[in-house]
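The numbers in numbering that gives the first Met the number 0 rise by one with no breaks, and the one at position 54 of the sequence shown is 53.
Here a beta-carbon is modelled for each residue, glycine too, at the ideal position from N, C-alpha and C.
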Amino acid sequence: MHGKGEICIVVMFSVLAVQLLYSSPPLDANNCTVLTSLCMDGADSPVYALRKERNASITCLRRFADATPDFGTRDSLWKEYAPTCATWDGVPFGVAEPLNSISALAFDELLCAANTSFAHTGISQLAFGTFAFHASGAHLFTSLLDLVPLYCLETQVLHQLMVKAGKGSLPVVMNGASYAVDTLASSCTASLSAVLEECNLDTMVPSLEAQLAQLPRSAGGYLVYAMHRACLEDPTAASLGLFPLEYLAAAGLPVADEIDSFADGLGFVAPGFEACEQHNLGVRAYAEAASFQGQAPGTVELHHRWHEKVAEALYHLGEVMALLPDQCSSDDECPPDSTCVCDDSKSPRRRRALLFATSPRARARPASASERVKRAAPHVHVHSCWGAGGGGGVALMRSRYGRGACVYRADSCRVRALRGERCAGVHTFTCCVRGACVCRLYVGI
Numbered sequence: 000m001h002g003k004g005e006i007c008i009v010v011m012f013s014v015l016a017v018q019l020l021y022s023s024p025p026l027d028a029n030n031c032t033v034l035t036s037l038c039m040d041g042a043d044s045p046v047y048a049l050r051k052e053r054n055a056s057i058t059c060l061r062r063f064a065d066a067t068p069d070f071g072t073r074d075s076l077w078k079e080y081a082p083t084c085a086t087w088d089g090v091p092f093g094v095a096e097p098l099n100s101i102s103a104l105a106f107d108e109l110l111c112a113a114n115t116s117f118a119h120t121g122i123s124q125l126a127f128g129t130f131a132f133h134a135s136g137a138h139l140f141t142s143l144l145d146l147v148p149l150y151c152l153e154t155q156v157l158h159q160l161m162v163k164a165g166k167g168s169l170p171v172v173m174n175g176a177s178y179a180v181d182t183l184a185s186s187c188t189a190s191l192s193a194v195l196e197e198c199n200l201d202t203m204v205p206s207l208e209a210q211l212a213q214l215p216r217s218a219g220g221y222l223v224y225a226m227h228r229a230c231l232e233d234p235t236a237a238s239l240g241l242f243p244l245e246y247l248a249a250a251g252l253p254v255a256d257e258i259d260s261f262a263d264g265l266g267f268v269a270p271g272f273e274a275c276e277q278h279n280l281g282v283r284a285y286a287e288a289a290s291f292q293g294q295a296p297g298t299v300e301l302h303h304r305w306h307e308k309v310a311e312a313l314y315h316l317g318e319v320m321a322l323l324p325d326q327c328s329s330d331d332e333c334p335p336d337s338t339c340v341c342d343d344s345k346s347p348r349r350r351r352a353l354l355f356a357t358s359p360r361a362r363a364r365p366a367s368a369s370e371r372v373k374r375a376a377p378h379v380h381v382h383s384c385w386g387a388g389g390g391g392g393v394a395l396m397r398s399r400y401g402r403g404a405c406v407y408r409a410d411s412c413r414v415r416a417l418r419g420e421r422c423a424g425v426h427t428f429t430c431c432v433r434g435a436c437v438c439r440l441y442v443g444i
């Protein structure tokens with residue numbers, strides 16, 4: 000029979016053996032892969048303000064690593080497992096999955112792109128969370144650091160599309176639950192920032208779980224579906240070879256009554272060839288990313304490539320948002336240097352037409368595409384207009400002078416446009432607004 004002292008010694012050495020078995024080896028920062036946050040250095044950087052949050056996030060992750068014996072050595076569900084180490088902005092970490100961890104910086108690269116500026120904070124948080132998740136070996140805390148910014152970012156991009164469609168506050172129903180996407184898009188990054196800044200190791204997990212519970216899981220699918228449907232209906236995009244909507248279901252995107260109702264309520268039409276081209280590139284990047292998850296027959300898991308391809312898709316989504324026309328609810332919302340015309344004020348669908356109605360002149364800022372057209376053909380004015388009427392066919396005619404284009408909806412407008420009719424004896428195009436043909440000047444100077 001063993002005495003109490005012997006039992007205590009046995010227990011003590013058993014605990015020590017477990018600690019030695021599962022503890023991270025001492026880190027030699029001189030032999031670690033060196034990682035640096037991208038696009039945050041220099042006061043002139045547009046995302047320099049994110050540097051403070053990144054520093055606080057890395058410091059908090061280091062505190063968690065110090066309190067977690069198997070940080071950097073835990074073998075998770077991903078196939079990659081090759082424990083090593085990396086320093087991020089000078090702070091050393093054990094890294095369980097080096098390729099999966101380091102590829103998180105593909106998201107950081109998007110901070111250098113102006114077209115994703117509406118979501119830079121969410122993108123930065125996703126880059127950090129992805130690294131933390133794969134470096135640690137997928138602990139609950141780091142899993143939440145990965146999932147919360149992922150769904151937050153999807154929500155923000157969906158909201159950006161809703162804003163572009165003039166429906167920024169549209170309630171969104173997913174899986175029977177209604178989400179205030181506008182509120183979530185503006186609050187989700189701030190909520191995560193507050194948790195990382197406080198870095199209370201005792202309360203972080205429940206706080207992040209509560210945040211995750213508030214976020215929709217299908218925002219990305221709704222975004223892709225609504226944009227894809229609009230592009231399929233846009234005759235200018237016919238040559239792009241877009242996937243049929245049914246293919247999106249096979250890619251794991253939700254295609255159901257709820258998502259169709261959302262797209263109907265959004266009322267998004269005629270994105271234009273350039274925006275649809277970028278959307279198509281983004282969809283194809285997402286499809287390629289899915290192939291790297293190793294879940295489809297004949298594929299191999301290369302999860303780090305999934306990060307890279309998703310980052311590529313996000314870049315194209317940023318391009319889409321930059322190319323889509325702005326919306327307005329009244330002429331008072333127009334930029335000060337443009338003449339803005341909105342459609343019928345009673346219409347739930349609003350589009351804005353920018354009329355470039357002055358002679359080209361020297362400007363300090365770089366020339367826009369429309370200005371370059373005007374310099375090449377100074378005897379014409381260039382404008383674009385987007386019809387929002389319902390019913391009938393859709394036709395698009397481009398000016399022989401350049402990029403000026405009108406979309407015509409409803410048969411009456413289509414017939415008049417194809418006949419090349421004129422208004423008031425001057426050269427014009429006829430744009431359709433809620434089923435009515437309206438003359439817009441397109442005249443020589």
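Query, Result
"For residue 521, is the classification buried or exposed, using 16 other Cβ atoms within 10 angstroms of its Cβ as the cut-off for buried?", "Any question about residue 521 goes unanswered here, given that the chain covers just 0 to 444."
"Go to residue 87, then tell me how far its alpha helix (DSSP H) extends in each direction, as first and last residue.", "Premise fails: residue 87 lies in the beta strand (DSSP E), 83-87, not in any alpha helix (DSSP H)."
"For residue 257, which of 30, 142 and 170 has the nearest alpha-carbon?", "170"
"Let me know the secondary structure DSSP gives residue 226 once reduced to three states.", "helix"
"Tell me the rounded alpha-carbon separation between residue 158 and residue 317.", "13 Å"
"Once DSSP output is grouped into helix, strand and coil, what is the label at residue 34?", "strand"
"Can you name, in chain order, every residue of its own chain whose Cβ lies under 7 Å from the Cβ of residue 36, other than the five neighbours on each side?", "53, 88 and 107"
"Decide if residue 155 is buried, meaning its Cβ has at least 16 other Cβ atoms within 10 Å, or exposed.", "buried"
"Tell me, which residues are paired with residue 93 by DSSP?", "84"
"Buried or exposed: residue 62, going by 16 or more other Cβ atoms within 10 Å of its Cβ?", "exposed"
"Looking only at C-alpha atoms, which of 65, 98 and 238 sits nearest to residue 77?", "98"
"Hey, is the segment 179-193 in contact with the segment 119-137, meaning 3+ C-beta pairs nearer than 8 Å?", "yes"
"What do you get for residue 74, buried or exposed, if any count of 16 or more other CB atoms within 10 angstroms of its CB means buried?", "exposed"
"Alpha carbon to alpha carbon, how far is residue 296 from residue 131? Give it in angstroms, no decimals.", "29 Å"
"Residue 47: buried (16+ other C-beta within 10 angstroms of its C-beta) or exposed?", "exposed"
"Determine whether the beta carbon atoms of residue 136 and residue 72 lie at a separation below 8 Å.", "yes"
"Using the rule of at least 16 other Cβ atoms within 10 Å of the residue's Cβ for burial, across every protein chain shown, is residue 270 buried or exposed?", "buried"
"Between which residues of its own chain and residue 477 is the CB-CB distance below 7 Å, once the five residues before and five after are set aside?", "Coverage of the chain is limited to positions 0 through 444, which leaves residue 477 absent and any answer about it impossible."
"For residue 291, I'd like the list of residues in its chain whose CB is within less than 6 Å of its CB, leaving aside the five on either flank, ordered along the chain.", "301, 304 and 305"
"Determine, using beta carbons only, whether residue 152 and residue 125 come nearer to each other than 8 Å.", "yes"
"Nearest-angstrom Cα distance between residue 68 and residue 93?", "11 Å"
"Between residue 148 and residue 265, what straight-line distance do the alpha-carbon atoms span, to the nearest angstrom?", "25 Å"
"Report the partner residues of residue 171 according to the DSSP bridge assignment.", "178"
"Can you tell me whether residue 192 is helix, strand or coil according to DSSP?", "helix"
"Buried or exposed for residue 319, going by 16 or more other Cβ atoms inside 10 Å?", "buried"
"Could you tell me how far apart the beta carbons of residue 242 and residue 299 are, in whole angstroms, since I believe they sit closer than 8 Å?", "Not quite, the Cβ-Cβ distance comes to about 24 Å (not below 8 Å), so this is no contact."
"Considering only residues of the segment 99-176, which uninterrupted beta strand (DSSP E) runs meet the minimum length of 3 residues and lie entirely inside it, listed in chain order?", "171-173"
"Specify, as a first and last residue, the run of the alpha helix (DSSP H) that residue 237 falls within.", "Premise fails: residue 237 is in no alpha helix (DSSP H) and is neither H nor E."
"I'd like the list of long-range same chain contacts for residue 41, defined as Cβ closer than 7 Å, with 5 residues on each side in sequence excluded.", "47"
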